[in-house]
Amino acid sequence: MITTVQNPEHLLLSTDNQGAVCGCNQDWYPTLWQRRAGCGPTTASNILVYHLRAGHLTLPQEIETSADGLRLMEEVWHYVTPTAMGVHTPGIFEQGLRNFFRQNALSVSTCSLRIPRRHHLRPSLAETVNFIRTGLSQDGPVAFLNLANGTVRKLDPWHWVTITAMDEQNEKAVEIEICDNLNRFTMNLHEWYETTSRGGGFVYLTV
């Protein structure tokens, strides 16, 4: 079973020299610290870009180009603000977005699922898959925090990325599609869940 956002093209932003690219890129930030620690606000910006272009919420600015994306990233930075450890919990990410919505008078709710470090404290894989499926089925990307890769080599550790689709073939073959700093790839969620040593979490919006 495949669950996906309805219009993946809503994440495409036009650029001067690269054509259309997938989502925002933390390397667009002007300062070294922002480029190093900015995956959280960048992923939050991706979520907002999709919902804005899908017509689910409204902000004063239109988002069509990479320059528009950077302006949004700079604004979101003031709410989803990295600490010395980055945006290292779903709670920091979620609260930052809530503050952003409150400041902009938007009636938007957030939903989060934490994957603790200790296996016996984690929600089951089925619960995790159901959470992602629920977010995607509401026509919105799902933010994914990976604190440690385990045996998955495609991800950067201690990093937020954007999930746009999920393919459930069986309980051990659950592929998620990722948008990460202009790149798109798929990875096995079951493999990550079983082998990550630090866990992470997921966040989506209800609009």
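Taking our numbering, I'd label the letters of the sequence shown as residues 60 to 266. Just so it is clear, CB atoms sit at the ideal spot from N, CA and C, and this is done for glycine as well.
Three-state class that DSSP yields for MET144 in the structure shown: coil
Through-space distance from GLU234 to THR245, alpha-carbon basis: 6 Å
Beta-carbon proximity of ARG243 to THR62, cut-off 9 Å: no
Inter-stretch contact at 8 Å, needing at least 3 Cβ pairs: the segment 84 to 102 / the segment 173 to 184: no
Segment contact, 8 Å Cβ cut-off, at least three pairs: the segment 180 to 190 with the segment 158 to 167: no
Selection from GLN228, PHE203, GLU123, ASN158 that minimises the alpha carbon distance to PRO216: PHE203
Nearest neighbour of MET60, chosen from ASN229, GLY259, LEU206 [CA to CA]: ASN229
Buried or exposed by the 16-neighbour rule on C-beta atoms within 10 Å, applied to THR210: exposed
Distance CB(CYS170)-CB(LEU111) smaller than 9 Å: no
Distance, ASN66 Cα to ALA113 Cα: 8 Å
Whether LEU129 touches LEU118 by CB criterion (9 Å): no
Cross-strand partners of ASN229 (DSSP beta bridge): ALA232
Limits of the beta strand (DSSP E) - the one that GLY78 falls within: That residue, GLY78, is in no beta strand (DSSP E); it is neither H nor E in DSSP.
Which of helix, strand or coil DSSP assigns to MET246: strand
Element boundaries [alpha helix (DSSP H), containing THR265]: Run containing THR265: none in the alpha helix (DSSP H); it sits in the beta strand (DSSP E), 259 to 265.
Enclosing beta strand (DSSP E) for THR255 [first to last residue]: Careful: THR255 lies outside any beta strand (DSSP E) and carries neither H nor E.
One or two residues paired with ASP239 in a DSSP bridge: ASN242
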